[in-house]
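J.: This is the structure, below, for whatever I ask next.
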Amino acid sequence: MQEEKEIRDYDFRNPERLTRDNVLALKMIYEKFGQGISGYLSGQLRIEVKTEIGESTQVLYSDFTAENPFPTILAIVNHPPLPAASLIWFQPALVFYLLERFFGGKGEEVGINRAITDIEQQVVSGIAKEFLKHLKIAWAGLSEIDFSLKQVAINPLSAQIVAEEELVIKTEMKIIMGDKEGKLACYLPFISIEPLLTKLTTKPQTQEKEKGETKVMEKGINLVPLSVSAELGRVRVTMQDLLNLTQNDVLRLSAKVADGVVINVANKPKFIAVPGISGGNMALQIKKVLQ
Numbered sequence: 057m058q059e060e061k062e063i064r065d066y067d068f069r070n071p072e073r074l075t076r077d078n079v080l081a082l083k084m085i086y087e088k089f090g091q092g093i094s095g096y097l098s099g100q101l102r103i104e105v106k107t108e109i110g111e112s113t114q115v116l117y118s119d120f121t122a123e124n125p126f127p128t129i130l131a132i133v134n135h136p137p138l139p140a141a142s143l144i145w146f147q148p149a150l151v152f153y154l155l156e157r158f159f160g161g162k163g164e165e166v167g168i169n170r171a172i173t174d175i176e177q178q179v180v181s182g183i184a185k186e187f188l189k190h191l192k193i194a195w196a197g198l199s200e201i202d203f204s205l206k207q208v209a210i211n212p213l214s215a216q217i218v219a220e221e222e223l224v225i226k227t228e229m230k231i232i233m234g235d236k237e238g239k240l241a242c243y244l245p246f247i248s249i250e251p252l253l254t255k256l257t258t259k260p261q262t263q264e265k266e267k268g269e270t271k272v273m274e275k276g277i278n279l280v281p282l283s284v285s286a287e288l289g290r291v292r293v294t295m296q297d298l299l300n301l302t303q304n305d306v307l308r309l310s311a312k313v314a315d316g317v318v319i320n321v322a323n324k325p326k327f328i329a330v331p332g333i334s335g336g337n338m339a340l341q342i343k344k345v346l347q
């Protein structure tokens, strides 16, 4: 009896051009990208930020324009030496949450359905440029790609990066910011990524490649934001004393002037310094490195 073969559907309109290994390698790249923007947004928002990366899928560019009517929020990205341009789509709810936080708001739910203003567009451009720094680092282990922002657009028809029938690689990302979350999606034309397909693999890399990845990791660590504070001294007071404090009262600290100032990095004491003035600004001169 002849064994029956499995029959699978094949979409001639949207053929699969990426292998499973290509897709896994892309996810690893975008996971690095997500880690980078998590660090950036954590530093800006002062809250924990996490990202969840979806699997890269192949869609027609016409599907993108159909899914994103006017007004929307798009970053058009150049990336020489790769041909064409790519897009980063920002969910409006994500953008308006970030704008409210960046302008000093509390980040309450913003149910806004409108195009962003010129001023808001400038802020979004700044955010997109920071994101692209981390996208460049994420891709650096594969190839040196110069990601740069061309413009922020609100009309998908004005962001025609390829023909409607061309394939683009769509990778979605969920950004979780405390109890809020938003989405973005990267759209990379297949013609842009095609020259890199042979390198786009999860298979073990050569020693030279591993050295390159180590440098990429070092760059990523160097971009992680750290809080630095100077501590003049400490004092313990009762609640009654605290309530009775008024203008011109003096608090005597535990430290003496000769002891210097403790510099804390990420809330841990790292240096001893003496205060002074440099270029008209208050400054600290490192005198001792703490173990």
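No gaps in the numbering here: position 24 of the sequence shown is 80 in my numbering, and each next residue is one more.
Idealized CB from N, CA, C, for every residue including glycine.
Computed from a predicted model, the values in this text were never measured in an experiment.
Is the beta carbon of leucine 130 sitting closer than 8 Å to the one on alanine 194?
T.: In this structure, alanine 194 does not lie closer than 8 Å to leucine 130 by Cβ.
J.: If I measure Cβ to Cβ from serine 98 and keep anything under 8 Å in the same chain, skipping five residues before and after, which residues do I get?
T.: Around serine 98: Glu104, Val105, Pro281.
J.: Whose CA, out of Val313, Ile172, Lys206, Gly92, lies closest to the CA of serine 142?
T.: Looking at the Cα atoms, Lys206 is the closest of the given residues.
J.: Take every Cβ of the stretch 224-243, pair it with every Cβ of the stretch 79-86, and state whether three or more of those distances are shorter than 8 Å.
T.: Yes, since at least three Cβ pairs between the stretch 224-243 and the stretch 79-86 fall closer than 8 Å, the two stretches touch.
J.: Please report the distance separating the alpha-carbon of glutamine 347 from that of serine 310.
T.: The alpha-carbon atoms of glutamine 347 and serine 310 are separated by roughly 22 Å.
J.: Check for me: the alpha helix (DSSP H) holding valine 151 runs from which residue to which?
T.: From DSSP, the alpha helix (DSSP H) with valine 151 extends over 148-158.
J.: Per DSSP, what kind of secondary structure is leucine 288 in: helix, strand or coil?
T.: Residue state, collapsed to three classes: coil.
J.: Name the DSSP beta bridge partners of glutamate 114, please?
T.: In the sequence as displayed, the identity of residue 114 is glutamine instead of glutamate. The partner list for glutamine 114 (beta bridge, DSSP) reads Ile225.
J.: Could you tell me which residues DSSP puts in a beta bridge with threonine 107?
T.: Ile231, per the DSSP bridge assignment.
J.: In whole angstroms, what separates the C-alpha of valine 421 from that of glycine 332?
T.: Residue 421 is absent from the structure shown; the chain starts at 57 and stops at 347.
J.: Report all residues from its chain with a CB closer than 7 Å to the CB of tyrosine 353; omit the five preceding and five following residues, and keep chain order.
T.: Lying outside 57 to 347, the shown extent of the chain, residue 353 is not represented and no answer is given.
J.: Where do the ends of the beta strand (DSSP E) carrying valine 318 lie?
T.: Note, valine 318: beta strand (DSSP E), 317-321.
J.: Based on DSSP bridge pairs, tell me the residues matched to alanine 339.
T.: For alanine 339, which the question treats as bridged, DSSP gives the partners Gly332.
J.: Taking a contact to mean a Cβ-Cβ separation below 8 Å, would you say serine 39 touches glutamate 220 in this structure?
T.: With the chain running from 57 to 347 in the structure shown, residue 39 is simply not present.
J.: Could you give the DSSP three-state label for glutamine 100: helix, strand or coil?
T.: Helix.
J.: Determine the extent of the beta strand (DSSP E) in which lysine 239 is found, giving its start and end residues.
T.: Element bounds for lysine 239: 236-245.
J.: Thinking C-alpha only, which one of Gly336, Ile249, Leu240, Lys255 is nearest alanine 149?
T.: Measuring from the Cα of alanine 149, the nearest candidate turns out to be Leu240.
J.: Rounded to a whole number of angstroms, what is the C-alpha to C-alpha distance between valine 284 and asparagine 278?
T.: Roughly 15 Å separates the two Cα atoms.
J.: Are there 16 or more other CB atoms within 10 angstroms of the CB of valine 291, so buried, or fewer, so exposed?
T.: It is exposed - the Cβ of valine 291 has fewer than 16 other Cβ atoms within 10 Å.
J.: So, for lysine 326: in the same chain, excluding its five sequence neighbours on each side, which residues have a beta-carbon less than 8 Å away from its beta-carbon?
T.: Same-chain partners within the cutoff: Ile319, Asn320, Val345, Leu346.
J.: Just to confirm, is the Cβ distance from phenylalanine 246 to arginine 73 under 8 Å?
T.: Yes, they are a contact pair.
J.: Helix, strand or coil for valine 345 per DSSP?
T.: Here valine 345 sits in strand by DSSP.
J.: Rounded to a whole number of angstroms, what is the C-alpha to C-alpha distance between alanine 314 and alanine 339?
T.: Cα to Cα, the separation comes out at about 17 Å.
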